[in-house]
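In the working numbering, the protein residues as written are 253 to 656.
Heads up, the beta-carbon is just placed ideally off N, CA and C, and yes, glycines get one too.
Encoded as structure tokens, the structure appears first; notes follow it.
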Amino acid sequence: MGIGRFAFTPVLPMMLHDGTLDLPTGSWLATANYIGYLLGALLCAASPFWQRYWRGAAWPPARLVHTGLAATVALTLAMALPWPDAWPTWRFLSGIASAVVFVFTSGWVMAQLAQRQSTHLGSMIFAGPGAGIALSGLAVMGMVQQHWLASSAWIAFGILALLLTLAVWRTLDSPMPNAVCPPASLSASSHTESAAPSTPPTVPPEDNTGGTLEIGLLAVAYGLAGFGYIISATFLPVIARTVLPPSPWLDMFWPIFGISVSVGALLATQAPRTLDNRLALLVNYLLQAAGVLLSIFWQTLPGFVLSSILLGLPFTSITFFALQEVRRLRPGQTASLLALITALYGIGQIAGPPLAAALVEHTGDLARGFDLALGAAAATLLIGAGLYWLMFRRWPTTPKHPTP
């Protein structure tokens, strides 16, 4: 996922330098990928329905993951072909493949952890995308210094994706759960195909929840996070090159972001079991908003380093704590609520790159346009943090005792 979805970010400046595309076209390629990811996630959420009524679609989860990995390799390599008209299609399909791989692999991991009563370690799965982001960023550093063409970078990333796929291919032959949504698999009642069949207990939601209103606020707040991070996650290297003088450090910000993503995912596993998910989300939103604002108001090398760290640390932690909150609010209807918040998050992602491109075109100034787009992103994160504070104050939860 770190390569299939996010290798485009460090390669984009190379493509701009080669003259193979301009910023509006780059924004459209990013948007096509995010649309594909949204569609893929929704197809996964609807998997029980279409597999039930379309017999030919009843593929086992392991085969879907293998297919998604193979597609990621092929589509990454395809970006090296000099067919600009086909690039949006490749990026769109790559987004679908990333979603399928991520959802089904997450479900498998969460089910394995549930069997071991270690669901609090679930956020470790999110360290994978961070590692892919860091690897792609470090690789681009060397490529830029050696004056590689962007097409060569895509070939290199396709080969890297192939090697990583081969490394995990046999592991994924292990029995995988039929459940397709990671949050559903977080439940202690999750099981793999090889487990003895049983009827999972029905777990009612906590008494003190805001019902439909709180669910709606959660969905909106999570959707705001999709917009809040995506402009930086798409254009960070381009923004740095726009406002800073030439320096080898300009290619370090993206690997720093990726490393921070992995560190944040690991730190989330250490969060106290008694921590309210909404407070955890509030803190993560504030950290990410601070990272976005730093890239506007402290446009120096140290400023961008700190900005990259603050953007990366909460990146996947936000997803993890949101999934936990979904389980708390609707333990028996996790999949449907996940589909809702995923859709809004995806819409936020889709809106970001076109807005940034439009503001750059409207102002006629690259730096000014990006500053306005980043300001809008920071504002949405602050609004999201405010919504979590409102939910926490309005519907306090009963203090939980940690499980021994």
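Can you look up residue i in the DSSP assignment and give me helix, strand or coil?
i                 : result
leucine 545       : helix
phenylalanine 354 : helix
aspartate 274     : coil
alanine 630       : helix
glutamine 522     : coil
threonine 649     : coil
isoleucine 255    : coil
serine 388        : helix
valine 455        : Unreliable placement is indicated for valine 455, whose pLDDT of 46 sits below 50; no coordinate value is reported for it.
alanine 298       : coil
leucine 531       : helix
proline 262       : helix
methionine 504    : coil
leucine 624       : helix
valine 432        : In this prediction, valine 432 scores a pLDDT of 45, lower than 50, which makes its location untrustworthy; the coordinate-derived value is nonetheless stated afterwards. Residue state, collapsed to three classes: coil.
tryptophan 360    : helix
leucine 333       : coil
arginine 343      : helix
arginine 304      : helix
tryptophan 421    : coil
serine 512        : helix
serine 499        : coil
histidine 269     : helix
On the DSSP letters alone, give me the boundaries of the alpha helix (DSSP H) that residue i sits inside.
i              : result
glutamine 369  : Careful: glutamine 369 lies outside any alpha helix (DSSP H) and carries neither H nor E.
histidine 399  : Segment: none, histidine 399 is in no alpha helix (DSSP H) and carries neither H nor E.
threonine 494  : 463-495
isoleucine 377 : Where isoleucine 377 is concerned, there is no enclosing alpha helix (DSSP H), given that its DSSP letter is neither H nor E.
arginine 315   : 313-330
Please decide whether residue i counts as near chain D, where near means a Cβ-Cβ distance under 8 Å.
i           : result
alanine 297 : You won't find chain D in this structure, because it holds only one protein chain.
Is it a yes or a no for the stretch 602-618 touching the stretch 282-296, going by three-plus beta-carbon pairs under 8 Å?
-> yes
Report yes or no: do three or more beta-carbon pairs, one from the stretch 611-620 and one from the stretch 632-650, lie closer than 8 Å?
-> no
Which whole runs of the beta strand (DSSP E) in the stretch 533-619 are 3 residues long or more, in chain order?
-> none
Touching by the beta-carbon criterion (3+ pairs, under 8 Å), the stretch 559-568 and the stretch 504-521 | yes
So, do the stretch 351-371 and the stretch 314-330 have three or more beta carbon pairs nearer to each other than 8 Å?
-> yes
Segment contact, 8 Å Cβ cut-off, at least three pairs: the stretch 260-271 with the stretch 487-502 | yes
Check whether the stretch 285-299 touches the stretch 342-352, counting contact only when three or more Cβ pairs, one atom from each stretch, lie closer than 8 Å.
-> yes
Report yes or no: do the stretch 398-409 and the stretch 322-332 share at least 3 C-beta pairs separated by less than 8 Å?
-> yes
contact_flag[the stretch 641-648, the stretch 538-556] where n(CB pairs < 8 Å) is 3 or more = no
Is there contact between the stretch 501-509 and the stretch 523-542, where contact requires at least three CB pairs shorter than 8 Å?
-> no
Is there contact here, the stretch 636-644 with the stretch 529-543, by at least three beta-carbon pairs under 8 Å?
-> yes
Three or more C-beta pairs closer than 8 Å, one from the stretch 549-558 and one from the stretch 362-377: is that the case here?
-> no
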